[in-house]
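One structure below.
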Amino acid sequence: MKHFITFEGIDGSGKSTVSKVVYKKLKDQRYKVILTSEPTNTWIGHCVQKFIETKADPFVTSFAFIADRIEHCKQIQKWLDEEYIVLCDRYAESTYAYQGAQLEDQIKNPIKWLKELSKNRILIPDRTFIFVINPERSFNRIKNRSKLIPFEKISFLEKVHKNYLKLAVGKRFMKLDATKKIGELADICLQDIIKK
């Protein structure tokens with residue numbers, strides 16, 4: 100049984116929708132479950148959103164994301180101590196993939212640098228689902244949104260996508276074909292989470 104689960108993928112991959120469906124299915128089966136997300140709905144999380152919207156310096160955005168996550172982990176730990184299953188829509192890999200892409204021309208090995216910043220300060224999930232989809236296809240899913248954030252451009256999402264594939268190594272990660280139906284993806288996640 101897994102207790103701390105993160106959902107990762109580029110914009111338009113379906114991870115947020117699937118995480119909500121998984122949350123509902125777990126609740127319907129009477130599990131104690133929490134669905135949370137990053138950036139958080141706290142003052143630090145609101146700063147992160149502002150930095151994204153105003154295209155702040157990528158170093159500033161990176162530090163804000165990590166600060167938000169360190170505080171978030173304190174709350175996640177409390178939920179885990181109370182024996183909740185915690186589902187998180189975006190977590191550390193989002194920062195490594197997105198800010199790693201933003202910083203690639205400014206720093207050598209940005210993903211390694213970003214990982215070092217929060218080393219021993221954040222919780223390691225039991226499972227990270229990576230939703231894999233062609234960036235062009237994911238962009239077609241989101242292009243009609245009323246407001247696209249600066250990250251939502253095909254050229255940028257391609258870099259992020261490559262970073263996610265680099266990150267998804269090791270038994271903690273499960274790569275999912277994000278072109279599958281939402282219900283099918285939710286069932287795969289659910290079975291993996293509750294597997295004894």
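Residue numbers (the working numbering): 100 to 295. For glycine and all other residues, C-beta sits at the position ideal for the given N, C-alpha and C. Quick caveat, the model's predicted, so the values are computed rather than measured.
Taking all protein chains shown into account, Asp180 has fewer than 16 neighbouring C-beta atoms within 10 Å of its C-beta and is therefore exposed. By the neighbour-count criterion, in which a residue is buried when 16 or more other Cβ atoms sit within 10 angstroms of its Cβ, Asp188 is buried.
If you keep only unbroken beta strand (DSSP E) runs of at least 3 residues inside the segment 128-202, you get 132-136, 184-188.
For Val268, no beta strand (DSSP E) run applies, since DSSP gives it neither H nor E. With respect to the C-alpha of Phe103, the residue from Lys207, Ala285, Glu257, Tyr183 having the closest C-alpha is Tyr183.
Looking at the backbone, the Cα of Ala163 and that of His171 are separated by about 12 angstroms.
Counted as a single uninterrupted DSSP element, the alpha helix (DSSP H) harbouring Asp286 occupies residues 281-293.
If you draw a 10 Å sphere on the C-beta of Thr141, you find fewer than 16 other C-beta atoms in it, and that means exposed. Inter-residue distance for Asp204 and Pro157 is about 11 angstroms (C-alpha atoms, whole angstroms). The segment 265-285 and the segment 220-227 touch, with three or more beta-carbon pairs separated by less than 8 angstroms. At the C-beta level, Ser254 and Gly111 stay beyond 8 angstroms of one another. Here Lys114 is buried. Its C-beta has 16 or more other C-beta atoms within 10 Å. The Cβ-Cβ distance between Ile221 and Ile169 falls below 8 angstroms.
Beta-bridge analysis with DSSP links Glu107 to Ile229.
Between Ile292 and Leu186, the alpha-carbon positions lie close to 10 angstroms from each other.
Separation of Ser217 and Val231 (C-alpha to C-alpha, rounded to the nearest whole angstrom) is 25 angstroms. The beta-bridge partner set that DSSP reports for Lys274 consists of Ile229. Taking a C-beta distance under 8 angstroms as the contact criterion, Tyr195 and Asn262 qualify as a contact pair.
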